[in-house]
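**Student:**
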Amino acid sequence: MPLSREKHQPFWLSTTGGCGSIQLSRTLRGVIKVSRFITRMAAASMQTMPSALSREYLVERQCRNVVTELCRLGVLQNDAVTFDPELPTWKQEGIATFSMATYTKIFLQFPADKVFWNTSYQFFLYADPKERGYYPIWQSIDGPGFLEGSGILFVTVVQEQSHRVEKQTDEQTKEEVLAVLRDMFGAENVPEPTAFMYPRWSLEPWAYGSYSNWPPGTTLEMHQNLRANVGRLYFAGEATSSEYYGFLQGAWFEGQAAGSLIAGCLAGYCTGETKYEALHGTTNYSEFDLANGWQVTSFQTNGL
Ligand SMILES: Cc1cc2nc3c(=O)[nH]c(=O)nc-3n(C[C@H](O)[C@H](O)[C@H](O)COP(=O)(O)OP(=O)(O)OC[C@H]3O[C@@H](n4cnc5c(N)ncnc54)[C@H](O)[C@@H]3O)c2cc1C
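Here the sequence shown stands for residues 65 to 368, where the numbers follow the working numbering.
1) I want to check one thing, is the minimum distance from the CB of residue 201 to the heavy atoms of ligand 1 below 8 angstroms?
2) Helix, strand or coil: which one does DSSP assign to residue 267?
3) Can you find at least 3 beta carbon pairs, one from the stretch 313-320 and one from the stretch 261-272, that sit closer than 8 angstroms?
4) Quick one: does the C-beta of residue 149 sit closer than 8 angstroms to a heavy atom of ligand 1?
5) By alpha-carbon positions, which one of 162, 322, 281, 331 ends up nearest to residue 345?
6) With contact counted as at least three CB pairs below 8 angstroms, one residue from each stretch, are the stretch 248-266 and the stretch 155-175 in contact?
7) Starting from residue 393, trace the beta strand (DSSP E) in both directions and tell me its first and last residue.
8) Kindly indicate the opening and closing residues of the alpha helix (DSSP H) around residue 226.
9) On a CA-only basis, which of 136, 146, 158, 143 is nearest residue 341? Give me that one, please.
10) By how many angstroms is the C-alpha of residue 299 removed from the C-alpha of residue 156?
11) The alpha helix (DSSP H) with residue 260 in it runs from where to where?
12) Going by DSSP, what residue range makes up the alpha helix (DSSP H) through residue 326?
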């Protein structure tokens, strides 16, 4: 009997904050936490799940391997995890096809009595005369509804600027950022910050980027290969969502979808997901369906 994702909604397994922590709900009533950094996935975890095994055995002995979601595209692309045997070609190509974008927020805190910007505004824009994307978007957290009196400002940079900044020391970046602020607000008005920090998403071995992106020319079939399971190994996270990639809800829905399939396996019905060992160039209209992770119509009619 084929399993549909809808049919197994009650058996959902959901991610709680990503693939590091996986909650099995309703039927299994347990929480599996991946407390160690995964560096190797061995053959036993990728074979087809034997449907005759009892649920208890699977949960205790196998489920950890089954449900481990290697969902971070950046982690997969950087070979942080070794697969033994290697992942099949269609899967490796699916992983290599997509890209990771980087988005960096740089935070500064100033003494509360020396705040120099108008805290009734949230956004400030800077257009550098020479370099595109050089510290362009500033946001105040010191304002109504946020952290009033905190003296915190942050600036966002993306992609090339992110990669450049993430390779720099804090001191180098702070110097650049303060020079921009002093250009915007006047050198005499901008004091030294009391605190300064920013995450380096592109360098974190558990992230290697902020979120996934589809390069030009990618198709839904290619994405389905990124998404599809390899035997008993399932993949879920924002990158596997065809509709909400890059967003938190993409990770949430994909965790539920993979959990639904895994719960089906635990109940004795393993179907797995659609995959394409040979790609068809483009994606046919008929392929925009649940089997390819497409849950809503792409031809919205607004009732007309
Ligand atoms: C700066 C920034 C701003 C964002 N803003 C928004 C926004 O406004 N709205 C929005 O919807 N989304 C936003 N996102 C995107 C959103 O955070 C992600 O889409 C979402 O967190 C992805 O969830 P995930 O479960 O796929 O991966 P993650 O949340 O990254 O979870 C992956 C987990 O796996 C763990 N892990 C990685 N490698 C291993 C390993 N080898 N072994 C064991 N554990 C491992 C990691 O430690 C992590 O806990 C933003 C992201 C960034 C970086």
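The beta-carbon is built from N, C-alpha and C at its ideal position, and this holds for glycine as well.
**Tutor:** On the basis of the data shown:
1) no
2) coil
3) no
4) no
5) 281
6) yes
7) Residue coverage of the chain in this structure runs from 65 to 368, which leaves residue 393 outside it and unanswerable.
8) 223-230
9) 158
10) 13 angstroms
11) Counting along the chain, residue 260 falls outside any alpha helix (DSSP H), though it belongs to the beta strand (DSSP E) covering 259-261.
12) 312-330
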